[in-house]
Ligand SMILES: [Zn+2]
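In our numbering, the protein residues as written are 49 to 470.
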C-alpha cells in the first residue's frame, strides 16, 4: 500500500535568506495572479474556453520578457505555480458539477480560485531538483538551508513546498512510502457522537473533552483585537499590535491542530472500526443564516453552536480519522444521523421529550437514563452495525450507510437536527 505523507519543518535562516525567499514567493504570486487574471477573463466570457495547462506555461517566456524580475526565480517553480492554478480550476469545476448534480454534501461553495495577496500567501513549490541531507535541504537557485529537524523523514520525498507563516519560513516535504498492506480489522468497534460540551463520546461510554485552552486563547484574541482597533492604522504601534494578534491566531490554529491529531491518533490506535454521524458540517453553519424565503430561526443560538462546531474542526477530525483508521486496516463508517439524539438506545422509542437537556437523556417509554451523548453514540453504533450486516459485511465496500428500512425516512434537510444549546 502506497501512502503519501507530509513533514513540515521550520527553516533556520541566515541574514539574507528571508529576502531571497520573499523574492521567490513574490515571483510565484505574480505569475499566479497574472495567469488567474487571464483565465478569469476567459471564464467570464461565455463563448471562450480556458487556457490549458500547456498553453499557460507557453505564456511564461512572454511574461518573463515583459517583467525581467521573473528571471530571478527558478522556471520550474513558476511552471509549478501554473500547474497548481490549473489544479485549482479543475477542483472548482469538479465541485461545481457535484453541486449541480445535487450530491455535494460539504456546503455549496465551489471554491473559485482566488488572487494571492502579499504576506498572506507566500509560498512556492519545487517538484524536483531539491536534496535533503541530514539537517539540510538544497533548494534549486536558492542553495542550502538548515532546518529544525523535529522528526525523521520516512519514505521518498516527492516535492517540497516552502511557505511563510508569520515571521518564520517552513518547508513541507511530501513523501511517498510503501507500507505493508494492512490486515483488514473489524474489532474493536464503537459508535461515536460528536458534540459541543463533550468533543466526542463513544458508545462504550468513554469521552473526550473539548480543548478548553482554546476558550482562553479566544478571550486573549478578542482583547488584542480591541487594542488593535484603537491604534492608528499602519502606524508603528499598529504594526506591532497586528503582529501580536497574528501570533494569537497562529497559537489557536496550532493548538487545535495538535489536539485533533492527538485525539484521532489515540482513537485509531484503540479501535478498528468507528461509526460516526455523516454531518453536513458546512451546511450546518450556513443554515443558521437562513434564506430570504425561510429566515433562520434561533439564529443567535445556532450561530453560537456553529462557532463551536467550526472551532472544534469536526470535518478535519473525521478526515484524519478516516485515513488513520484505513492505514491500519480499519474503517470510518459514516451513518445518516437521523433521530440519533432523540431515540432511546434500549427500546427504540423516538420522542423529542426524551432529550431533557443538552446532556440528559431519559426515555419516556422505558425510563432509561444516561448522558445524552452516550445514548446517541449507542444509536450510531447500532445504525452502523446494521448497515454493515446489510452490506454483506465486507469491510471497505460501502461508504455512507443510511438509517435502513426500520427507521422512518424523512426528506433531507438538517436545520432541525441541531439540538438547541441548553
Ligand atoms: Zn427506552
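For glycine and all other residues, C-beta sits at the position ideal for the given N, C-alpha and C. Since the structure is predicted, the reported quantities are computational estimates derived from the model, not experimental observations.
Classification of residue i by the beta-carbon crowding that lies within 10 angstroms, buried from 16 upward
{"i": "residue 109", "result": "exposed"}
{"i": "residue 83", "result": "buried"}
{"i": "residue 125", "result": "buried"}
{"i": "residue 164", "result": "buried"}
{"i": "residue 283", "result": "exposed"}
{"i": "residue 320", "result": "buried"}
{"i": "residue 385", "result": "buried"}
{"i": "residue 137", "result": "buried"}
{"i": "residue 159", "result": "exposed"}
{"i": "residue 312", "result": "buried"}
{"i": "residue 121", "result": "buried"}
{"i": "residue 106", "result": "exposed"}
{"i": "residue 174", "result": "buried"}
{"i": "residue 427", "result": "buried"}
{"i": "residue 128", "result": "buried"}
{"i": "residue 192", "result": "exposed"}
{"i": "residue 214", "result": "exposed"}
{"i": "residue 23", "result": "Residue 23 lies beyond the stretch modelled for the chain, which goes from 49 to 470, so this question has no answer here."}
{"i": "residue 195", "result": "buried"}
{"i": "residue 168", "result": "exposed"}
{"i": "residue 415", "result": "exposed"}
Neighbourhood of residue i by C-beta, 8 Å cutoff - its chain only, sequence neighbours within 5 removed
{"i": "residue 402", "result": "390, 391, 392, 409, 410, 411 and 412"}
{"i": "residue 218", "result": "56, 57, 58, 59, 210, 211 and 212"}
{"i": "residue 290", "result": "276"}
{"i": "residue 303", "result": "259, 261, 262 and 265"}
{"i": "residue 433", "result": "237 and 323"}
{"i": "residue 202", "result": "53, 223 and 225"}
{"i": "residue 417", "result": "408, 409, 410 and 411"}
{"i": "residue 49", "result": "226, 227, 228, 229, 230 and 375"}
Same chain, Cβ closer than 7 Å to residue i, neighbours up to 5 away in sequence not counted
{"i": "residue 429", "result": "238, 239, 251 and 323"}
{"i": "residue 309", "result": "368"}
{"i": "residue 73", "result": "170, 171, 172 and 212"}
{"i": "residue 119", "result": "112"}
{"i": "residue 51", "result": "225, 227 and 375"}
{"i": "residue 81", "result": "163 and 164"}
{"i": "residue 268", "result": "296"}
{"i": "residue 64", "result": "none"}
Local conformation of residue i per DSSP, three classes
{"i": "residue 398", "result": "strand"}
{"i": "residue 309", "result": "helix"}
{"i": "residue 213", "result": "strand"}
{"i": "residue 57", "result": "strand"}
{"i": "residue 173", "result": "strand"}
{"i": "residue 178", "result": "coil"}
{"i": "residue 241", "result": "strand"}
{"i": "residue 461", "result": "Because residue 461 carries a pLDDT of 35, less than 50, the predicted location of this residue cannot be relied on, and the following value inherits that uncertainty. Coil at residue 461, not helix or strand."}
{"i": "residue 226", "result": "strand"}
{"i": "residue 468", "result": "Here residue 468 scores only 35 on pLDDT, less than 50, and its place in the model should not be relied on; the value that follows carries that caveat. In this structure, residue 468 counts as coil in the three-state DSSP scheme."}
{"i": "residue 89", "result": "helix"}
{"i": "residue 68", "result": "helix"}
{"i": "residue 62", "result": "coil"}
{"i": "residue 386", "result": "coil"}
{"i": "residue 208", "result": "strand"}
{"i": "residue 416", "result": "coil"}
{"i": "residue 203", "result": "coil"}
{"i": "residue 405", "result": "coil"}
{"i": "residue 315", "result": "helix"}
{"i": "residue 168", "result": "coil"}
{"i": "residue 234", "result": "coil"}
Enclosing alpha helix (DSSP H) for residue i [first to last residue]
{"i": "residue 364", "result": "362-374"}
{"i": "residue 423", "result": "420-438"}
{"i": "residue 198", "result": "Where residue 198 is concerned, there is no enclosing alpha helix (DSSP H), given that its DSSP letter is neither H nor E."}
Neighbourhood of residue i by C-beta distance below 6 Å, restricted to the same chain and skipping five residues each side
{"i": "residue 249", "result": "241, 255, 421, 422 and 425"}
{"i": "residue 90", "result": "96 and 98"}
{"i": "residue 377", "result": "230, 231, 232 and 233"}
{"i": "residue 77", "result": "164"}
{"i": "residue 397", "result": "411 and 413"}
{"i": "residue 220", "result": "54, 56 and 209"}
{"i": "residue 387", "result": "398"}
{"i": "residue 441", "result": "In this predicted model, residue 441 has a pLDDT of only 46, less than 50, meaning its place in the structure is not dependable; the value taken from the coordinates is given anyway. Cβ within range, chain order: n/a, list empty."}
{"i": "residue 372", "result": "312 and 316"}
Element boundaries [beta strand (DSSP E), containing residue i]
{"i": "residue 323", "result": "321-325"}
{"i": "residue 186", "result": "184-187"}
{"i": "residue 408", "result": "408-410"}
{"i": "residue 380", "result": "379-383"}
Uninterrupted alpha helix (DSSP H) stretches inside the stretch 93-161 (no shorter than 4 residues): Whole alpha helix (DSSP H) segments, 4+ residues: 101-114 and 123-149.
Give, in chain order, every unbroken run of the alpha helix (DSSP H) that is at least 4 residues long and sits entirely within the stretch 249-302. Qualifying alpha helix (DSSP H) stretches, in chain order: 261-277.
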